[in-house]
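Enquirer: Below is one structure. I have some questions about it.
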Ligand SMILES: [Zn+2]
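In this note's numbering, the protein residues as written are 601 to 986.
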């Protein structure tokens, strides 16, 4: 039997009371919007505790590379990027924003040009993360310090020109010089602005929101290891209903209790799962490149910079992110899937692309992707074993 649960059209998706009501009454099941249509596929479960699911393709807003390919390598070829996208389809991803981090203008421009010229609908645009971020160790994360700089409209315009207008999302720190006027300009131009890699004072977070910022990038990461207990910019962003938040749920970037608490504070409707994957994702442990820096993937799945101080992106895949989120929060899988599919699409003002058929194994806490159907309905078999 096909079961579809839809959100009543009158419900406010940001409503805290709707979220709480759902918590109290499991019979209400997951709350969906008209795009979501996550359904139990018609075939019976293959064994107890297993369910066939069909849902819109995942949309990953933050991908630095995948399957051995580094999008931040200025020599990256369109064929290599296509290889990475094909491997990502095996994990249920049908759309992504390749993410370019802080680097020289020349490197950024070469990578951006390559990405912009690839005719693949899976590439929904480019996420520019940096260089307008906090310079200090900690908030800067693995971004190279020499290329961090103040925000300036002319610098952004040069980058956007190199990217042939494909920059759709910019992550910046609101406290850097020039950030607030740049946010205003970007939002007017239809570009989404996210707060990240920041050491902002709470008032600077509020200023960024007033200027039009609408997302927190990987909240709880890209910040100092020690903060004033309160107030601080994490509380300020958690409390801001104007901000969606992205989270890296690989079990390394955030502890399970932090994931659960952040999703409860933001609500499921304001949470977006991202992988922040680098070339090491989908690969065995070893040494990989990220924008000219060597990063190491260890056997436990952590990707670190050469010194080992900072996490340098992740080896996370989106199917794992969904499974981890179910495990860490106790939410039903059908309520977690929109955080990886419809909600990032809606945030970018787009429709989800393609469909995914998968099996949810409750006992193993595992989402197995069976088929990914892309936007043209061409069936792509799951690339098991890549
Ligand atoms: Zn980051």
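For each residue, glycine too, the CB sits at the ideal point set by N, CA and C. Note that the structure is a prediction, hence the values are computed from the model and not measured.
1) Would you mind sorting residue 761 into buried or exposed? The rule is 16 or more other CB atoms within 10 Å of its CB.
2) How far does the beta strand (DSSP E) with residue 662 in it extend, from its first residue to its last?
3) So is the beta-carbon of residue 729 under 7 Å away from any non-hydrogen atom of ligand 1?
4) Roughly how far, in whole angstroms, is the beta-carbon of residue 657 from the beta-carbon of residue 693, given that I think they are within contact range, below 8 Å?
5) Is residue 941 near residue 850, with beta carbons less than 8 Å apart?
6) Should residue 883 be flagged as near chain D, meaning a C-beta pair shorter than 8 Å?
7) What does residue 679 pair with, by DSSP beta-bridge criteria?
8) With distances taken Cα to Cα, identify the nearest neighbour of residue 712 among 670, 943, 788.
9) How many whole angstroms separate the CB atoms of residue 846 and residue 874, which I take to be in contact at a CB cut-off of 8 Å?
10) Decide yes or no for the touch test of the region 728-738 against the region 696-708: beta carbon pairs closer than 8 Å, at least 3 of them.
11) Roughly how many whole angstroms lie between the Cα atoms of residue 645 and residue 955?
12) From residue 937 to residue 957, what does the alpha carbon distance come to, in whole angstroms?
13) Is the closest heavy atom of ligand 1 to the C-beta of residue 822 under 7 Å?
14) I'd like to know if the region 648-655 and the region 862-879 are in contact, where contact means that at least 3 CB-CB pairs between them fall below 8 Å.
15) Report the three-state DSSP secondary structure of residue 655 (helix, strand or coil).
16) Out of 884, 933, 773, state which residue places its alpha-carbon closest to the alpha-carbon of residue 649.
17) Name the DSSP beta bridge partners of residue 961, please?
18) Please find out if some non-hydrogen atom of ligand 1 comes closer than 7 Å to the beta-carbon of residue 790.
19) For the alpha helix (DSSP H) containing residue 785, name the first residue and the last one.
20) Beta carbon of residue 784, beta carbon of residue 800: below 8 Å?
21) For the region 903-917 against the region 860-871, are there 3 or more C-beta pairs whose distance is under 8 Å?
22) Is residue 850 near ligand 2, with its Cβ less than 7 Å from a heavy atom?
23) My parser needs the beta strand (DSSP E) runs of 3 or more residues fully inside the region 764-833; what are they?
24) Which of helix, strand or coil does DSSP assign to residue 727?
25) State yes or no: is the C-beta of residue 805 within less than 8 Å of the C-beta of residue 836?
26) Looking at residue 741 and ligand 1, is the gap between the Cβ and the nearest heavy atom below 7 Å?
27) Please return the same chain residues whose Cβ sits closer than 6 Å to the Cβ of residue 773, not counting the five positions on each side in sequence.
28) Please state the DSSP three-state secondary structure of residue 1009.
29) What do you reckon, is the C-beta of residue 845 under 7 Å from a heavy atom of ligand 1?
30) Please tell me whether, using a cut-off of 7 Å, the distance from the CB of residue 853 to the nearest non-hydrogen atom of ligand 1 is below it.
31) Spell out a yes or no on whether the region 706-723 and the region 746-765 are touching, meaning 3 or more CB-CB pairs, one atom from each, closer than 8 Å.
32) Can you have a look at residue 866 and say buried or exposed, based on whether 16 or more other CB atoms are within 10 angstroms of its CB?
33) Whose C-beta lies closer than 6 Å to the C-beta of residue 902 among residues of the same chain, with five residues either side of it excluded?
34) Check whether the Cβ of residue 798 lies closer than 7 Å to any heavy atom of ligand 1, and answer yes or no.
35) Which of the three DSSP states is assigned to residue 971 in this structure?
36) Residue 737: buried (16+ other C-beta within 10 angstroms of its C-beta) or exposed?
Expert: Straight from the coordinates:
1) exposed
2) 658-663
3) yes
4) 7 Å
5) no
6) The question asks about chain D, but that chain is absent: this structure has only one protein chain.
7) DSSP, once it has assigned bridges, lists no residue as partnering residue 679.
8) 670
9) 4 Å
10) yes
11) Low per-residue confidence applies at residue 645: pLDDT is 49, beneath 50, and the placement is therefore not dependable, though the value from the model is reported in the following sentence. Straight-line Cα distance between these residues: approximately 19 Å.
12) 12 Å
13) yes
14) no
15) strand
16) 933
17) 650, 966
18) no
19) 779-788
20) no
21) no
22) With respect to ligand 2, the structure offers nothing, as its ligand set consists of ligand 1.
23) 767-772, 792-795
24) strand
25) yes
26) yes
27) 733, 734, 797, 798
28) The requested residue 1009 does not occur in the structure, where the chain is confined to residues 601 to 986.
29) no
30) no
31) yes
32) buried
33) 852
34) no
35) strand
36) exposed
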